[in-house]
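Numbering (the working numbering), first residue to last: 3 to 300. Just so you know, even glycine gets a beta-carbon here, dropped at the ideal spot from N, CA and C. First comes the structure, then the notes that go with it.
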Amino acid sequence: MPELPEVESIRRGLARRVRGDVIESVWLGEKPEPLKSPAPEIVATLEQARIAAVRRVGKHIVFDLESSQPSAISSQQEQVPRSARNDNSKRWDGHSQRKAQWIVHLGMTGRLVIAQPESKVARHTHAIVRLQSGRELRFVDPRRFGRLSVVRDPGGFAPGGQEPLGAGVRQFARLFRGRKTPIKSALLNQKLLRGVGNIYADESLYRAGIRPRRRASRLTGDELARLHRAVQQVLREAIRAGGSSVSDYVNADGDEGFFQFEHRVYGREGEPCRECRSAIKRVVIAGRSAHYCPKCQR
DNA sequence: AGGTTGACCTGGACGC
DNA sequence: TGCGTCCAGGTCAACC
3 MPELPEVESI
13 RRGLARRVRG
23 DVIESVWLGE
33 KPEPLKSPAP
43 EIVATLEQAR
53 IAAVRRVGKH
63 IVFDLESSQP
73 SAISSQQEQV
83 PRSARNDNSK
93 RWDGHSQRKA
103 QWIVHLGMTG
113 RLVIAQPESK
123 VARHTHAIVR
133 LQSGRELRFV
143 DPRRFGRLSV
153 VRDPGGFAPG
163 GQEPLGAGVR
173 QFARLFRGRK
183 TPIKSALLNQ
193 KLLRGVGNIY
203 ADESLYRAGI
213 RPRRRASRLT
223 GDELARLHRA
233 VQQVLREAIR
243 AGGSSVSDYV
253 NADGDEGFFQ
263 FEHRVYGREG
273 EPCRECRSAI
283 KRVVIAGRSA
293 HYCPKCQR
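See the structure below:
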């Protein structure tokens with residue numbers, strides 16, 4: 003479902019509502035797919051932790067956790083069976099490192115919803131986090147492409163890639179140097195830029211006037227500068243609009259975004275380009291659909 | 001080594 | 001109404 007602007011909108015809503023709250027208990031569903039860390043490790047890390055901050059890293063939501071009661075955390079830790087831990091996982095030793103992170107990736111259809119305990123548990127709910135304030139944070143994901151994990155390394159969660167809104171134009175241009183892959187695929191590669199997905203890749207290329215199949219290494223300096231500017235503009239505008247609600251995306255407050263009304267090419271196959279009235283084309287590149295205007299993009 | 005393809009899942013839209 | 005087909009905002013492992 004969500005790309006950077008949608009995840010950012012969800013993050014803002016969550017931060018408003020759960021920052022400072024304490025996790026009292028955690029329920030995890032039977033289906034194992036959504037869990038990237040062992041279930042006992044997730045439970046032990048989350049329970050009794052205070053949510054110090056809610057951040058976004060690419061398309062991931064990162065809950066920064068700290069101990070609410072120092073002794074309670076270490077005793078929770080002791081309850082984790084040795085066998086359930088990775089051998090190379092760092093011990094949370096109760097000294098200066100009393101920090102951990104809960105990482106959520108929403109996949110295509112994942113949602114994080116705030117709910118009252120008495121409200122009906124939706125189909126495809128895979129995790130319920132009960133908070134001291136009496137509310138629940140629920141992870142719902144029909145297609146089960148989303149992932150939950152915890153990180154206790156002192157270095158913290160560190161996927162590769164540049165934040166698209168943090169990269170300067172030189173840094174941005176360097177990412178594509180020597181890459182023979184279509185620029186569309188390069189934009190989707192999270193090891194290069196983290197957070198751009200199919201909608202915003204297509205919309206950015208349209209604004210920059212670049213065809214999605216162009217080889218990344220063949221773009222001129224001018225084109226890279228236009229693309230850098232387009233990516234940042236599109237993402238900023240989409241965040242301001244609360245993201246794109248294409249089928250069922252809603253933010254943490256249950257509100258839809260409205261950037262879908264600003265799409266110039268995505269989902270508009272056969273419709274006229276808003277600039278030149280040519281029919282928008284749809285092709286498949288690396289297994290994903292790509293939309294572009296054959297006249298405005300070269 | 002780096003790029004492309006299929007697999008992973010469920011559900012909604014559409015055609016017959 | 002129902003059944004089949006295609007499509008979907010993402011990411012991996014497996015191939016070339």
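8 Å contact criterion, which residue i and residue j should meet: CB distance rounded
i: residue 206; j: residue 226; result: Not really, about 12 Å apart at Cβ, beyond 8 Å.
i: residue 8; j: residue 294; result: Not quite, the Cβ-Cβ distance comes to about 22 Å (not below 8 Å), so this is no contact.
i: residue 16; j: residue 254; result: 5 Å
i: residue 240; j: residue 261; result: 4 Å
i: residue 217; j: residue 182; result: 5 Å
i: residue 198; j: residue 68; result: Not really, about 31 Å apart at Cβ, beyond 8 Å.
i: residue 141; j: residue 114; result: 6 Å
Cβ shell of residue i (< 7 Å), same chain only, five flanking positions each side left out
i: residue 296; result: 280, 283
i: residue 187; result: 287, 288
i: residue 107; result: 61, 62, 148, 149
i: residue 163; result: 60, 192, 193, 194, 195, 196
i: residue 151; result: 38, 39, 105
i: residue 134; result: 23, 24, 26
i: residue 236; result: 202, 205, 206, 209
i: residue 266; result: 205, 208, 276
i: residue 139; result: 20, 114, 116, 131, 133
Residue i versus the options, residue with shortest Cα-Cα distance
i: residue 200; options: 246, 135, 36; result: 246
i: residue 174; options: 194, 210, 239, 156; result: 194
i: residue 196; options: 169, 131, 17; result: 169
i: residue 215; options: 171, 165, 299, 241; result: 299
i: residue 11; options: 243, 65, 285, 55; result: 243
i: residue 1; options: 27, 255, 233; result: In the structure as shown, the chain starts at 3 and stops at 300, and residue 1 therefore has no counterpart that could be examined.
i: residue 290; options: 276, 278, 268; result: 268
i: residue 118; options: 112, 111, 130; result: 130
i: residue 172; options: 141, 231, 259, 256; result: 231
i: residue 156; options: 102, 249, 112, 140; result: 102
Residues near residue i in its chain [Cβ-Cβ closer than 8 Å; skip 5 each side]
i: residue 82; result: Legend: pLDDT at residue 82 = 43, less than 50; position of this residue unreliable, value from coordinates given subsequently. So the qualifying residues of the chain are 42, 43, 46.
i: residue 146; result: 33, 35, 36, 109, 126, 128
i: residue 212; result: 185, 221, 225, 228, 229, 299, 300
i: residue 238; result: 167
i: residue 56; result: 13, 16, 17, 20, 21, 63, 64, 65, 66
i: residue 159; result: 59, 62, 64, 103, 105, 153
Extent of the continuous alpha helix (DSSP H) to which residue i belongs
i: residue 41; result: 41-48
i: residue 8; result: 6-20
i: residue 195; result: First-last for residue 195: undefined, no H or E at that position.
i: residue 37; result: No alpha helix (DSSP H) holds residue 37; DSSP gives it neither H nor E.
i: residue 23; result: Here residue 23 belongs to no alpha helix (DSSP H), and DSSP marks it neither H nor E.
i: residue 232; result: 223-242
Residues near residue i by beta carbon distance below 6 Å, same chain, minus five either side
i: residue 19; result: 116
i: residue 180; result: 219
i: residue 70; result: 24, 50, 52
i: residue 58; result: 9, 10, 13
i: residue 111; result: 3, 143, 144, 145
i: residue 165; result: none
i: residue 73; result: At residue 73, the pLDDT of 46 sits below 50, so the modelled position is not reliable; the number obtained from the coordinates is stated separately. The answer is none, since no qualifying residue turns up.
i: residue 2; result: The structure shown has nothing for residue 2, since the chain only spans 3 to 300.
Boundaries of the beta strand (DSSP E) in which residue i is found, first to last residue
i: residue 218; result: Counting along the chain, residue 218 falls outside any beta strand (DSSP E), and DSSP gives it neither H nor E.
i: residue 53; result: 51-59
i: residue 69; result: 62-69
- Task: Could you pull out every unbroken beta strand (DSSP E) segment of at least 3 residues lying fully inside the stretch 89-173, listed in chain order?
- Result: You should have 101-107, 113-117, 127-133, 138-142, 149-153.
- Which runs of the beta strand (DSSP E) spanning at least 3 residues fall entirely within the stretch 235-300, listed in chain order? Fully enclosed beta strand (DSSP E) runs of no fewer than 3 residues occupy 283-287, 290-294 of the stretch 235-300, in order along the chain.
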